[in-house]
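Here this note's numbering is used: the first residue of the sequence shown is 14, the next is one more, and so on.
Ideal placement from N, C-alpha and C gives every residue a C-beta, glycine not left out.
Heads up: the structure comes next, in structure tokens.
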Amino acid sequence: MNVLLVDDDALIRESLTVLLSLEDDIAEIRQAAHGQEALEICQQWLPDVVLMDIRMPVMDGVAGTKALKAAYPQLPVVILTTFKDDEYIREAVRHGAAGYLLKNQPSESIINSLRWVLRGNTVFPQDVANSLSQMLQSGSSAVDITDWNFTAREQEVLELLAEGCSNKEIAGSLFLSEGTVRNYVTGMLEKLHLRDRTQLAIAYLRRKN
Numbered sequence: 014m015n016v017l018l019v020d021d022d023a024l025i026r027e028s029l030t031v032l033l034s035l036e037d038d039i040a041e042i043r044q045a046a047h048g049q050e051a052l053e054i055c056q057q058w059l060p061d062v063v064l065m066d067i068r069m070p071v072m073d074g075v076a077g078t079k080a081l082k083a084a085y086p087q088l089p090v091v092i093l094t095t096f097k098d099d100e101y102i103r104e105a106v107r108h109g110a111a112g113y114l115l116k117n118q119p120s121e122s123i124i125n126s127l128r129w130v131l132r133g134n135t136v137f138p139q140d141v142a143n144s145l146s147q148m149l150q151s152g153s154s155a156v157d158i159t160d161w162n163f164t165a166r167e168q169e170v171l172e173l174l175a176e177g178c179s180n181k182e183i184a185g186s187l188f189l190s191e192g193t194v195r196n197y198v199t200g201m202l203e204k205l206h207l208r209d210r211t212q213l214a215i216a217y218l219r220r221k222n
């Protein structure tokens, strides 16, 4: 996979580059110092995944995520930061972040999270997931759903998706093919006019709570 690292701290960028370059499945790594530079790089070279800091000059990680997802909806953006701030979590997820990781996590965990996201999943550490769940329960999510019109099978797929299951895991649980699961997810996104499975999971959890 090709990875774009976005962080205003050059030492962190270089350290992550060294760690990632040791992995056999990582082909190319490029760096950006802020969200605007990341957007400019993606106009010439589109990575498979973006690892994005939050607090940066020029364009921070929330604005950078919003800009990248607007231009490249299928591009996974994972937030990597030292700050477990509810406002950052809410805004990053609202703009389509596929994950929210903390820099104090082991490097192996960060790398495995990138692989997990590339399989179409989302990734949030337990403490971050707890914060997100509390925000959903308080109704802070911006998603407003009034009518689902889902079939029983779509509901089953959605419940597993919201639990963090991959398409492969959902397929195994429901005795479906991965292609069929993808079709169900695509159909639900179209019905609710949502952009990605992260927003779909958030919408479901909010309604459930």
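Simplified DSSP assignment, three categories, for residue i
i: residue 93; result: strand
i: residue 56; result: helix
i: residue 168; result: helix
i: residue 113; result: strand
i: residue 44; result: strand
i: residue 134; result: coil
i: residue 162; result: coil
i: residue 156; result: Because the pLDDT of residue 156 is 43, which lies under 50, any placement of that residue in the model is unreliable, and the number read from its coordinates should be weighed accordingly. Coil.
i: residue 16; result: strand
i: residue 189; result: coil
i: residue 63; result: strand
i: residue 217; result: helix
i: residue 179; result: coil
i: residue 212; result: helix
Proximal residues to residue i (C-beta, below 7 angstroms), its chain only, five neighbours per side dropped
i: residue 38; result: 14
i: residue 155; result: Reliability of the predicted coordinates at residue 155 is poor, the pLDDT of 43 falling under 50, and no value is obtained from them.
Rounded separation between residue i and residue j - CA only
i: residue 172; j: residue 207; result: 17 angstroms
i: residue 175; j: residue 66; result: 25 angstroms
i: residue 134; j: residue 27; result: 27 angstroms
i: residue 165; j: residue 197; result: 11 angstroms
i: residue 70; j: residue 80; result: 15 angstroms
i: residue 29; j: residue 117; result: 13 angstroms
i: residue 210; j: residue 24; result: 33 angstroms
i: residue 40; j: residue 200; result: 33 angstroms
i: residue 86; j: residue 181; result: 22 angstroms
i: residue 216; j: residue 22; result: 35 angstroms
i: residue 104; j: residue 132; result: 23 angstroms
Residues near residue i by beta carbon distance below 6 angstroms, same chain, minus five either side
i: residue 72; result: 47, 48, 49
i: residue 227; result: The question about residue 227 has no answer here: the residues shown for the chain are numbered 14 through 222.
Close Cβ partners of residue i (< 8 angstroms) along its chain, the five nearest in sequence each way excluded
i: residue 91; result: 62, 63, 64, 65, 110, 111, 112, 113, 114, 126, 127, 130, 136
i: residue 184; result: 190, 191, 193, 194
i: residue 76; result: 48
i: residue 19; result: 44, 45, 46, 47, 48, 50, 51, 63, 64, 65, 66, 69, 74, 77
i: residue 187; result: 166, 169, 170, 173, 194
Selected residue, minimal CA-CA separation from residue i, among the options
i: residue 32; options: 177, 119, 170; result: 119
i: residue 94; options: 23, 74, 189, 214; result: 74
i: residue 214; options: 179, 188, 187, 59; result: 179
i: residue 16; options: 105, 103, 200, 34; result: 34
i: residue 204; options: 163, 188, 187, 170; result: 163
i: residue 83; options: 121, 56, 122; result: 56
Whole-number beta carbon distance between residue j and residue i, since they are thought to touch under 8 angstroms
i: residue 43; j: residue 54; result: 6 angstroms
i: residue 59; j: residue 88; result: 7 angstroms
i: residue 124; j: residue 36; result: 6 angstroms
Cβ-heavy atom distance, residue i to the ligand FAD, below 7 angstroms
i: residue 86; result: This structure lacks the ligand FAD, and indeed carries no ligand of any kind.
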